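Here's the structure, in structure tokens; my notes come after.
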Amino acid sequence: MAVQAIQTGKELRGLPRRAYGLAEVAASFGCSTDSLGRLAKTGDLRTIRILGRVLIPADEVDRIARDGLQIRRGRPPKRAAGASDGAAAGQP
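Note that the numbering used here numbers the sequence shown so that position 41 is 57, with each residue one more than the last.
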């Protein structure tokens, strides 16, 4: 099950938690939520999105605790052609 470092005690009707928020995982591993977000963006950390909230599955937390983060070096993947955030295209 999920790493013992995350001990929030929150369970739903006795069921183990299946995912954790970025802040919980960051606090448990002593890193920032921004760092986790960057790892997720580069594909080094698997996340899921439920109702707009980014979560880390419990099995991914277990993997990190067991193996550590396997960080790929180099630049993050480029965005798809035509994808812009608006600001880069001169839009407010």
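By construction, the Cβ of each residue, glycine as well, lies at the ideal position given by its N, Cα and C atoms. All figures in this text were calculated on a predicted structure; none of them were measured in a lab.
Residue i vs residue j beta-carbon contact at 8 Å
| i | j | result |
| --- | --- | --- |
| L71 | T58 | no |
| L61 | L52 | yes |
| A81 | Y36 | no |
| A56 | T49 | no |
Endpoints, beta strand (DSSP E) assigned at residue i
| i | result |
| --- | --- |
| R82 | It is not in any beta strand (DSSP E) - R82 instead sits in the alpha helix (DSSP H) that spans 74–83. |
| R29 | Where R29 is concerned, there is no enclosing beta strand (DSSP E), given that its DSSP letter is neither H nor E. |
| G37 | 35–37 |
| R62 | No beta strand (DSSP E) contains R62, which DSSP labels as neither H nor E. |
Burial state of residue i (16 or more Cβ within 10 Å)
| i | result |
| --- | --- |
| Q20 | Residue placement at Q20 is flagged as unreliable, the pLDDT there being 49, under the threshold of 50; a coordinate-derived value is accordingly withheld. |
| L38 | buried |
| M17 | Confidence in M17 is poor, its pLDDT being 45 and thus under 50, which makes the residue's placement unreliable; the coordinate value appears in the next sentence. Counting Cβ neighbours within 10 Å, M17 comes out exposed, since fewer than 16 surround it. |
Where the alpha helix (DSSP H) through residue i begins and ends
| i | result |
| --- | --- |
| G53 | 49–58 |
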